[in-house]
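A short worksheet on the structure shown next.
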Amino acid sequence: QVQLVESGGGLVQAGGSLRLSCAASVTGSIFSLATMEWYRQAPGKQREFVARILSTGIITEYADSVKGRFTISRDNAKNMMYLQMNNLKPEDTAVYFCKMPSRGSWGQGTQVTVSS
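In this note's numbering, the protein residues as written are 2 to 117.
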């Protein structure tokens with residue numbers, strides 16, 4: 002069973018930065034071989050894809066809305082994934098979730114609020 006726990010959310014002014022973390026409680030080899038993803042869900046909206054990172058960390062993919070501002074990364078030795086969010090905008094306000102798609106596992110989410 003995979004347990005994912007996000008942290009690092011908070012309240013920040015527009016233009017500011019936050020770094021989200023996702024800790025995976027799972028056998029190390031499972032995490033290091035898994036594609037990992039970040040999603041977000043704003044109030045009243047559907048959950049949407051934010052970023053993806055493949056197992057080695059070399060290949061990444063971003064939603065157009067965050068390209069050039071967000072950076073996804075991972076540390077397979079620590080079973081951790083990160084999302085560095087820079088130049089935050091009010092429209093980035095949402096609950097952010099990490100996901101291990103191969104296991105269908107989601108974290109509980111962390112709230113990010115960007116004030117104008």
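Glycine included, each C-beta is placed from N, C-alpha and C at the ideal position.
List the endpoints of the continuous beta strand (DSSP E) containing Lys-100.
-> 95-101
Assign Lys-46 to buried or exposed, taking buried as 16 or more other Cβ atoms, counted over all protein chains shown, within 10 Å of its Cβ.
-> When all chains shown are included, Lys-46 counts as exposed.
Compare the C-alpha of Leu-12 against each of Leu-21, Gln-4, Thr-57 and Val-6 and name the closest.
-> Leu-21
Just checking my contact of Thr-111 with Glu-7 at CB under 8 angstroms: how many whole Å lie between their CB atoms?
-> 4 angstroms
With 16 other CB atoms within 10 Å as the buried threshold, where does Asp-93 fall?
-> buried
Counterpart residues of Glu-7 in DSSP-defined beta bridges | Cys-23
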